[in-house]
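Participant:
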Ligand code: FES
């Protein structure tokens, strides 16, 4: 009996050739082709392209002799790595317990109102993306926020907006 397409047995992904992704093969070689350099390779891709696509995952797996699941697992674990491009101005608010206990949810509401956007709803074309993370390793100085690559401790709306680069229209 014919199986409905994509229900129980999804199609096997097409093999990726290293020749199709010479930039990724070169990038991996620059990191010594070592499997334990997978995070550095993925971060370089994220910075260069603004995302790490599924095709990138497959090519990195091939170049580093890892399974796609292993590389995908790394990409999905770290919020710095995204499968699609993210907004240029990115604010990540810690909503884990320690930060919740010192006002992270009040800060979330205040940021949503001030920025005019709901958390975790921004698409890649958004002017500013407000996103949830769970622990930035800065629990003693909560609420913790990452504004781009900059960590803001004891965050307030004013401190977050002060760290935010100006938008295209010059607005904070
Ligand atoms: S719980 Fe927020 S930084 Fe750790």
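Residue numbers (this note's numbering): 1070 to 1241.
A virtual CB, placed ideally from N, CA and C, is assigned to each residue, including glycine.
Nothing here was measured: the structure is a model prediction, and the numbers come from that model.
1) Have a look at the DSSP bridge pairing and note the partners of residue 1201.
2) Quick check: is any heavy atom of the ligand FES less than 7 Å from the C-beta of residue 1150?
3) Counting Cβ pairs closer than 8 Å, one from the region 1157-1165 and one from the region 1190-1198, do we hit at least three?
4) May I ask which residues mark the beginning and end of the alpha helix (DSSP H) holding residue 1226?
5) According to DSSP, simplified to helix, strand and coil, what is residue 1085?
6) Confirm the yes/no value for this check: CB of residue 1217, any heavy atom of the ligand FES, distance under 7 Å.
7) In or out: residue 1242 buried (at least 16 other Cβ within 10 Å) or exposed?
8) Measuring CB to CB, does residue 1094 end up less than 8 Å from residue 1132?
9) Pick out whichever of 1121, 1100, 1229 and 1097 has its Cα sitting closest to the Cα of residue 1146.
10) So the beta strand (DSSP E) residue 1214 belongs to, where does it begin and stop?
11) Residues in the same chain with beta-carbon distance under 7 Å from residue 1207, minus the five sequence neighbours each way, listed in chain order, please.
12) Just to confirm my understanding: we take residue 1210, look at its own chain, exclude 5 residues before and 5 after, and list those with CB closer than 7 Å. What are they?
13) Which parts of the region 1123-1176 are runs of the beta strand (DSSP E), unbroken and 3 residues or longer, counting only runs that do not cross its ends?
14) Tell me the rounded alpha-carbon separation between residue 1077 and residue 1111.
15) Rounding to the nearest angstrom, what Cα-Cα distance links residue 1144 and residue 1182 in this structure?
16) Nearest to residue 1201 by alpha carbon, out of 1217, 1179 and 1163?
17) Would you kindly check if the distance between the Cβ of residue 1216 and the Cβ of residue 1191 is under 8 Å?
18) Going by C-alpha distance, which of 1225, 1108 and 1170 is nearest residue 1151?
Facilitator: Quick answer:
1) Residue 1201 sits at position 132 when you count from the first residue of the chain shown. For residue 1201, which the question treats as bridged, DSSP gives the partners 1162.
2) Numbered from 1 along the chain shown, position 81 holds the residue referred to as residue 1150. No, the beta carbon of residue 1150 sits no closer than 7 Å to any heavy atom of the ligand FES.
3) Counting Cβ pairs under 8 Å, three or more are found: they touch.
4) One-based indexing of the chain shown puts residue 1226 at position 157. 1226-1232 is the span of the alpha helix (DSSP H), which, as asked, contains residue 1226.
5) For the purposes of this step, residue 1085 is identified with residue 16 of the chain shown, where counting begins at 1. Caution is warranted here: a pLDDT of 49 is assigned to residue 1085, below 50, making its placement in the model unreliable, and the coordinate value is therefore given only provisionally. Of the three classes helix, strand and coil, the one that applies to residue 1085 here is coil, per DSSP.
6) Here residue 1217 refers to the residue found at position 148 of the chain shown. Outside the cutoff, so no.
7) For residue 1242 there is no data in the structure shown, the boundaries of the chain being 1070 and 1241.
8) One-based indexing of the chain shown puts residue 1094 at position 25. One-based indexing of the chain shown puts residue 1132 at position 63. For residue 1094 and residue 1132, yes; Cβs fall inside 8 Å.
9) As a first step, residue 1146 must be located in the chain shown, where it is residue number 77. Residue 1146 has its Cα closest to that of 1121, out of 1121, 1100, 1229 and 1097.
10) Translated into positions along the chain shown, residue 1214 becomes position 145. Counting along the chain, the beta strand (DSSP E) containing residue 1214 begins and ends at 1214-1216.
11) Your numbering for residue 1207 matches position 138 in the chain shown. Excluding sequence neighbours, residue 1207 sits near 1213, 1220 and 1222.
12) Within the chain shown, numbered from 1, the residue matching residue 1210 stands at position 141. For residue 1210, where only same-chain residues beyond five positions count, the Cβ hits under 7 Å are 1222 and 1223.
13) Fully enclosed beta strand (DSSP E) runs of 3 or longer: 1158-1163.
14) As a working note, residue 1077 is residue 8 in the chain shown. As a working note, residue 1111 is residue 42 in the chain shown. Confidence at residue 1077 is low in this model, with a pLDDT of 44, below 50, so the placement of that residue should be treated as unreliable; the coordinate-derived value is given next. Cα to Cα, the separation comes out at about 30 Å.
15) In the chain shown, residue 1144 corresponds to position 75, counting from 1. In the chain shown, residue 1182 corresponds to position 113, counting from 1. The straight-line gap from Cα to Cα measures roughly 31 Å.
16) For the purposes of this step, residue 1201 is taken as residue 132 along the chain shown, with counting starting at 1. It is 1163 whose Cα lies nearest to the Cα of residue 1201.
17) As a working note, residue 1191 is residue 122 in the chain shown. As a working note, residue 1216 is residue 147 in the chain shown. No. Outside cutoff.
18) Residue numbering aside, residue 1151 sits at position 82 when the chain shown is read from its first letter. Nearest C-alpha to residue 1151: 1108.
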